[in-house]
Amino acid sequence: MSDIQLTVPRYAEHMEAHEIAFQLSKSGRVKQLKQFLNRKSKEERKRLVAMKHNGATSLIMACRNGHLDVVEYLAEVCQADLEQTGLVNFEGENIEGAPPLWCASAAGHLRIVKYLISKGANVNSTTKSNSTALRAACFDGHIDIVKFLVENSADIEIANRHGHTCLMIACYKGHFQIAKYLINKGADLNRKSVKGNTALHDCAECGSLDIMKLLLSYSAKMAPDAYRMTPLLAAAVTGNSAIVEYLLTRDECEPLEKISALELLGATFVDKKHDMLSAYNYWKTALERRNAVVAAPDGARTPLDKKSTVQSKPIEAYDYACEFMDEKELNDIKSDPDDVRMQALLIRERILGPTHPDTTYYIRYRGAVYAEPLNRIRHNCQKKYINKKKIDSFENISQISFINIQNFKAWIWTSEKKSPSPDLVQDMRLVTLKQLYTVLNSSLHCTVQNSVDFIIRY
21 MSDIQLTVPR YAEHMEAHEI AFQLSKSGRV KQLKQFLNRK SKEERKRLVA
71 MKHNGATSLI MACRNGHLDV VEYLAEVCQA DLEQTGLVNF EGENIEGAPP
121 LWCASAAGHL RIVKYLISKG ANVNSTTKSN STALRAACFD GHIDIVKFLV
171 ENSADIEIAN RHGHTCLMIA CYKGHFQIAK YLINKGADLN RKSVKGNTAL
221 HDCAECGSLD IMKLLLSYSA KMAPDAYRMT PLLAAAVTGN SAIVEYLLTR
271 DECEPLEKIS ALELLGATFV DKKHDMLSAY NYWKTALERR NAVVAAPDGA
321 RTPLDKKSTV QSKPIEAYDY ACEFMDEKEL NDIKSDPDDV RMQALLIRER
371 ILGPTHPDTT YYIRYRGAVY AEPLNRIRHN CQKKYINKKK IDSFENISQI
421 SFINIQNFKA WIWTSEKKSP SPDLVQDMRL VTLKQLYTVL NSSLHCTVQN
471 SVDFIIRY
């Protein structure tokens, strides 16, 4: 009988040596691992544990699964590299370039985190997406690990590749104690991500009212993001009514912004929550606020009624619908679900703009409903309309526009599968791409060619 048969399970008979070490490390069988590797030379042990299986090393999997005794053996006897990165899976998501410390922190294994730091692991090492061990601990709410890492010189301001900081992720995941701790350690309350959102936006989007109140008590600013969305509007778009109702009481928000938030919240309740009664009530409240006379900064008294401040023209893609201007018009449409849904589209486009992701998403969603035979013409009108709006959005190119390019590329290649005319679809794709190329080429230089070529090759 061979050495392998004596020390490892029978299923390992046909595995390579590094795979055996990997599986034993992953499952925490330290006794069998020692028996297997101690028979190897020092150099061979180091080589085997440095080899990857399915993208990860033995040390990474031991850290991921919380096997401290295995980690100690691999580091001290096998001289495993504490900084060697690999691929690891958390909740179905593959994390590339993850260091052992990141894996232990994300999984909540404090003793392993302490051990790795004591052995000189880099506390600020990052994954491929520039996520630190501290951010990983903030994500899953491991406050004991957060405190330990910060006490050992972890940088609380290192953001991931999207510019999303530790404080932002704590806010988004609703971890109040971690957010409070980071704030007390001097975290930047008003830092912006690549898309321009702040920690307040993250609170608004996920409904973390207690953390939002905490941030505002420390004078966090209500700044707009790259889409000109304030935290109040972000809460309305995501349907977090408790956040909206709280911010309606705050002086930081302007009267017109509060009205827009109520209108947007109504649109969200129509399309996302399928609650038309609540939508009606929010829209009615918005009208009541509009009809009030509001004091302007210069001391003047300014009415905000819709007829004075909102221009609504019939749009073919919306079946020539116009926004309701007063309570009578609102009451006229409230009994017709289709009319109510059109109002939601009109309101969302007016407030967010035609190129905002939520605007285009719900137009596409409504267009898919109209894609059935009786609504083909209506469906095609909405397709043409959204195409034009997508093209227009690239005139002032920016980092956000490149995000729109990717969304546009994915949509144009898949959105016409139900169309009865393949030739029309092909012509539509070619014309749209030519328009896109023309607009982009006039806006940028060398980077444009690479971006458009990528879209065409896809």
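One rule links them: number in our numbering = place in the sequence shown (from 1) + 20. A virtual CB, placed ideally from N, CA and C, is assigned to each residue, including glycine.
Contact under 8 Å by Cβ, LEU497 with ALA190: Lying before the first or after the last residue shown, residue 497 is absent from the chain, which here runs from 21 to 478.
Exposure label - HIS221; buried when at least 16 CB within 10 Å: buried
LEU236 versus HIS162 - alpha carbon distance: 24 Å
Per-residue DSSP class, three states only, for LEU107: strand
Buried versus exposed, by CB contacts within 10 Å (16 or more), ARG155: Buried, because 16 or more other Cβ atoms sit within 10 Å of the Cβ of ARG155.
Cβ neighbour criterion (16 or more within 10 Å) applied to THR77: buried
Beta-carbon gap between LEU136 and ALA118 smaller than 8 Å: no
Chain-order list of residues whose beta-carbon lies under 7 Å from that of ASN142 (same chain, five-residue window excluded): GLU103
Start-end ranges of the alpha helix (DSSP H) lying completely within the segment 240 to 275, minimum 4 residues: 251 to 258, 261 to 267
Whole runs of the alpha helix (DSSP H) within the segment 344 to 383, excluding any shorter than 4 residues: 347 to 353, 357 to 372
Alpha carbon of GLU308 to alpha carbon of ILE371, nearest angstrom: 18 Å
Sub-8 Å separation of TYR382 and LEU365 beta-carbons: yes
Member of LYS200, ALA246, ARG248, LEU285 whose CA lies at the smallest distance from the CA of TYR238: LYS200
Alpha helix (DSSP H) segment containing ILE40, residue limits: 37 to 47
ILE163: first and last residue of the uninterrupted alpha helix (DSSP H) it sits in: 163 to 171
Per DSSP, cross-strand counterpart(s) of ALA481: Only positions 21 to 478 of the chain appear in the structure, and residue 481 is not among them; the question remains open.
DSSP-derived helix/strand/coil call for ILE198: helix
Pair within 8 Å by beta-carbon distance, ALA37 and LEU68: yes
Burial state of ASP16, where buried means 16 or more other Cβ atoms lie within 10 Å: The structure shown does not extend to residue 16, since the chain spans only 21 to 478, so no value can be given for it.
Rounded distance between the beta-carbons of LEU285 and SER261, thought under 8 Å: The C-beta distance from SER261 to LEU285 rounds to 6 Å, short enough to meet the 8 Å contact threshold.
Backbone CA spacing between LEU324 and ARG310 [nearest angstrom]: About 5 Å.
Inside the segment 103 to 150 only - beta strand (DSSP E) runs reaching at least 3 residues: Complete beta strand (DSSP E) runs here, min 3: 106 to 110, 113 to 118.
Close beta carbons around THR467, own chain, < 8 Å, minus the five adjacent residues each side: Low confidence applies to THR467: its pLDDT is 37, below 50, so where it sits in the model is not reliable, and the reading given next is rough at best. None.
Beta-carbon proximity check, ALA341 vs ASP356, cutoff 8 Å: no
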